[in-house]
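A.B. asks: Here's a structure for you.
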Amino acid sequence: MTHEVFNQPPPLVDYDVAADAGLLGAVEREGANWAAGDLHRLGKLAGTAEPQRWADEANRHEPRLLTHDRYGHRVDEVDFHPSWHRLMEVAVGEGLAGAPWADTRKGAHVARAAGLYVWSQVEAGHSCPISMTYAVVPALRHAPELAKAYEPLLTAKAYDFGLRTPSTKKGLLAGMGMTEKQGGSDVRANTTAATDAGDGTWRLRGHKWFTSAPMCDLFLVLAQAPQGLSCFLVPRVVPDGTRNTFRIQRLKDKLGNRSNASSEPEFDDTVAWLVGAEGQGVRTIIEMVAMTRLDCVTGSASGMRAALTQAIHHTRHRHAFGGALADKPVMRNVLADLALESEAATLLAMRLAGAVDRREQAFSRLAIAVGKFWVCKRQPAVVGEALECLGGNGYVEDSGLPRLYRDAPLNSIWEGSGNVQALDILRTLKKEPDSLEAFLAEVAPAAQADRRLAEAIDALKEAPVEDDARRTAERMALVLQASLLVRYAPPAVADAFCASRLGGEWGHTFGTLPARVDTAAIVERAAPR
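In this text, residue positions in the sequence shown follow UniProt numbering: the first is 1, and each later residue adds one.
Structure, rendered in structure tokens:
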């Protein structure tokens, strides 16, 4: 009797991760309602016990670097647990990698973003190669012959693991190599050198500091050519079946994202093809970066939603002081506050995916950077508060919250940290006035419905300075999120967000929403189904 288990929540299994009112409404608005059936099917799979086990195993049994085979031959391979491959099979098979670029249906990129949002709630690490494969396609199109050869395999829905001649595989994965130890985000300081081999190929020599998913088939890499920093395509295996020189020095021992291998490759007479014009490497690879930044927003929204779901589930089943925790006014305020943050991030991510679908370039150039800056910064705070809702249970590995917490800071760092995003926003505001016009046109329709939003929009029209770059990025993000909620969310959600985030009726922690807010309605809307 001393070990009788009671007052513990049941496992959160056999639910539909896609049964998310904010997500489903956004998917319909952005033109991808045709994908609703597949989204629910994926959501029901994500809500079962088996994928949750895959996620745990892929992180507990981390990738292993194999530099040589038993005979001493250099192989530079990474060995993954079978559960990693199961996660990847689902992601690629569901079209979450490059498939939207070959799909002519309206809303294809929105459908893919929604699927990534749902499936990444199971496990975030494997979404890295999925995201890079998605993002590489528009950049690769700067080399039409290479795109003709590889795009059909990058957009395929077949996960075909292993280093083999790319043309013999059913599907390909792609990565990128930008960062070097002496430069970080300052890629123009890169020292990796490219030499024209005179036969249509180039040869690279240098060392990259962060290259994730090194078992991908192809990589976009930045290197210094005679005419300046240029973009190159590096295959792990060249067309004649020979392994390219891609010496993996070590795998990074990271805070989180531990299921995914991040490496330091060395290039030494490594075969590569020029992508885009020589000396225009940043302009070429930025097409890939823009799409991976979009996925940073989607991934952070996904992580927030996963943490919120756990918090609501736990507090609805855990009783203390005479009732369920979720019914206590203070806890309900916390949960509602987290739900506001989650829905605002979700609506923004889907709106950005819609902009990609409709090629709203002026808007997306600014809005993706705004979303990347803000949503990715909110994820660690949201996950940390959600973990606290579980108390000591949330601090234990098998709750899943510690993994979410370790993964939470990554998207804010990957593809340019906060300062990089803020300065990109400032640069766009100064040099591309059409982007600001598109942004203001986006938020204007909601201004008449809320005075606080209208005042916040007016404040954005002041010319920003560099010292105020981060504040400008924050204000723009809150205005964009508020405008989406005012237009599309229930009044209780929109009013609570505007009152707290724009109206000054908020403290400095979650759970400080004004007393008049209908917290019960907000929590009910966000609860797992």
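Don't be surprised by glycine CBs; every beta carbon is placed ideally from N, CA and C.
In this structure, what does DSSP give as the bridge partners for Ala324?
C.D. replies: His319
A.B. asks: What do you get for Tyr395, buried or exposed, if any count of 16 or more other CB atoms within 10 angstroms of its CB means buried?
C.D. replies: Exposed: under 16 other Cβ atoms inside 10 Å.
A.B. asks: Tell me the start and end of each unbroken alpha helix (DSSP H) in the stretch 40-98 that is at least 4 residues and wholly inside, in chain order.
C.D. replies: 49-60 and 82-93
A.B. asks: If you draw a straight line from the alpha carbon of Ala124 to that of Asp407, how long is it in whole angstroms?
C.D. replies: 7 Å
A.B. asks: Straight-line CA distance for Thr346 to Val330?
C.D. replies: Rounded to whole angstroms, Thr346 to Val330 spans 25 Å at the Cα level.
A.B. asks: Thr195 by DSSP, collapsed to three states: which one?
C.D. replies: strand
A.B. asks: Whole-angstrom Cβ separation of Ser263 and Pro214, contact assumed at under 8 Å?
C.D. replies: Contact between Ser263 and Pro214 is confirmed by a C-beta separation of about 4 Å, below the 8 Å threshold.
A.B. asks: Touching or not, the stretch 18-36 and the stretch 54-69, by the rule of three or more beta carbon pairs under 8 Å?
C.D. replies: no
A.B. asks: For the alpha helix (DSSP H) holding Pro152, just list the boundary residues, first then last.
C.D. replies: Pro144 to Leu154
A.B. asks: What are the complete alpha helix (DSSP H) segments, minimum 4 residues, inside the stretch 337-397?
C.D. replies: 361-389
A.B. asks: Could you give the distance in angstroms between the alpha-carbon of Asp16 and the alpha-carbon of Ala46?
C.D. replies: 7 Å
A.B. asks: For Cys128, report the span of its alpha helix (DSSP H) as first-last.
C.D. replies: Ser127 to Leu140
A.B. asks: Alpha helix (DSSP H) containing Val493: first to last residue?
C.D. replies: Per DSSP, Val493 belongs to the alpha helix (DSSP H) from Pro491 to Phe497.
A.B. asks: DSSP puts Gly162 in a beta bridge; with which residues?
C.D. replies: Beta-bridge pairing links Gly162 to no other residue.
A.B. asks: Once the 5 residues before and after Tyr488 are set aside, which same chain residues still bring their CB inside 8 Å of it?
C.D. replies: Around Tyr488: Gly25, Ala26, Arg29 and Leu347.
A.B. asks: Roughly how many angstroms separate the alpha carbons of Ala197 and Arg70, rounded to a whole number?
C.D. replies: 33 Å
A.B. asks: With distances taken between CB atoms, is the gap from Ala223 to Asn244 smaller than 8 Å?
C.D. replies: no
A.B. asks: Just how far apart, CA to CA, sit Ala49 and Pro11?
C.D. replies: 9 Å
A.B. asks: Are there 16 or more other CB atoms within 10 angstroms of the CB of Leu51, so buried, or fewer, so exposed?
C.D. replies: Looking at the sequence provided, one finds Pro at residue 51 rather than Leu. Answer is buried; the Cβ neighbour count reaches 16.
A.B. asks: Could you spell out where the alpha helix (DSSP H) holding Phe439 opens and where it closes?
C.D. replies: Run containing Phe439: Pro433 to Ala447, per the alpha helix (DSSP H) assignment.
A.B. asks: Grab me the residues of Trp374's own chain with a C-beta within less than 7 Å of its C-beta, minus the 5 sequence neighbours each way, in chain order.
C.D. replies: Ala473, Glu474 and Ala477, listed in sequence order.
A.B. asks: Between the alpha carbons of Gly171 and Asp217, how many angstroms are there, rounded?
C.D. replies: 9 Å
A.B. asks: Within the same chain, show all residues whose beta-carbon is closer than 7 Å to that of Gly503, passing over the 5 residues directly before and after it, in chain order.
C.D. replies: Arg452
A.B. asks: If you draw a straight line from the C-alpha of Ala463 to the C-alpha of Glu437, how long is it?
C.D. replies: 14 Å
A.B. asks: Do we get a CB-CB distance below 8 Å when we pair Leu352 with the residues of chain D?
C.D. replies: Looking at the structure shown, chain D is missing, and only one protein chain is on hand.
A.B. asks: State the start and end residues of the unbroken beta strand (DSSP E) segment that holds Gln249.
C.D. replies: Arg247 to Leu251
A.B. asks: Measuring alpha carbon to alpha carbon, tell me which of Leu163, Phe363 and Thr309 ends up nearest Gly241.
C.D. replies: Leu163
A.B. asks: Do Ser412 and Ala362 have their beta-carbon atoms positioned less than 8 Å apart in this structure?
C.D. replies: no
A.B. asks: What residues are listed by DSSP as bridge partners for Pro265?
C.D. replies: Ile248
A.B. asks: Quick one, are the C-beta atoms of Gly279 and Gln227 less than 8 Å apart?
C.D. replies: yes
A.B. asks: Buried or exposed, going by whether 16 or more other CB atoms sit within 10 Å of the CB of Gln448?
C.D. replies: exposed
A.B. asks: Measure the alpha-carbon distance for Thr155 versus Val137 and round it to whole angstroms.
C.D. replies: 8 Å
A.B. asks: Over the uninterrupted beta strand (DSSP E) stretch that includes Val234, give me the two end residues.
C.D. replies: Gly228 to Pro235
A.B. asks: Check whether the stretch 498-516 touches the stretch 325-345, taking contact to mean three or more Cβ pairs, one atom from each stretch, closer than 8 Å.
C.D. replies: yes
A.B. asks: Does DSSP classify Gly177 as helix, strand or coil?
C.D. replies: strand
A.B. asks: Looking only at its chain, what residues have a beta carbon closer than 7 Å to the beta carbon of Glu287, apart from the 5 residues adjacent to it on each side?
C.D. replies: Closer than 7 Å at Cβ, skipping near neighbours: Pro138 and Ala139.
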